[in-house]
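**Q**
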Amino acid sequence: MNKSELIERMANQAGISKTAAGTALDAATEAIKSTLKKGGAVTLVGFGSFTVTKRAARTGRNPRTGDPVQIQASKAPKFSAGKAFKDALN
């Protein structure tokens, strides 16, 4: 499922226009991104949690030459599925 298919399904289930569903989806993703950027976490009970993990700097290898390459420290988003979400899939 891609974004436009998700928007269409949201619009049908909520009984709203596709434009309104698209705006709601964009607002939700922006709220999650801004909260994570500030170092916070987003928990949706029954669905899951979005958090930020820190990756330490490390040494990697250039696959073409085999030379060592220094990889900088970074932050990465992480999603942990909630129990109800996991149970719905099994």
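First residue of the sequence shown? That's 29 in our numbering, and the numbers climb one at a time after it. The C-beta atom is built at its ideal place from N, Cα and C for all residues, glycine as well.
Assuming contact is defined by CB atoms lying nearer than 9 Å, are K103 and V80 in contact in what I supplied?
**A** Position 75 of the sequence shown, counted from the first residue, corresponds to residue 103. Position 52 of the sequence shown, counted from the first residue, corresponds to residue 80. Yes; because the gap between Cβ atoms is below 9 Å, this pair is in contact.
**Q** Would you identify the three-state DSSP class for Q41, choosing helix, strand or coil?
**A** Sequence index remark: in the sequence shown, residue 41 carries index 13 (1-based). Q41 falls in the helix class under three-state DSSP.
**Q** Is the Cβ-Cβ distance between A49 and I35 less than 9 Å?
**A** Position 21 of the sequence shown holds residue 49. Position 7 of the sequence shown holds residue 35. Contact flag set, yes.
**Q** Just to confirm the assignment, what range does the beta strand (DSSP E) spanning T81 have?
**A** If you number the sequence shown from 1, residue 81 lands on position 53. Run containing T81: G76 to R83, per the beta strand (DSSP E) assignment.
**Q** Less than 8 Å between the CB atoms is what I'm expecting for Q98 and A84, so what's the real figure, rounded?
**A** Position 70 of the sequence shown, counting from 1, holds the residue named residue 98. Position 56 of the sequence shown, counting from 1, holds the residue named residue 84. Q98 to A84, Cβ: 12 Å. No contact.
**Q** Please report how far the alpha carbon of G110 lies from the alpha carbon of F78, in whole angstroms.
**A** Within the sequence shown, the letter at position 82 stands for residue 110. Within the sequence shown, the letter at position 50 stands for residue 78. Computed Cα separation, rounded: 11 Å.
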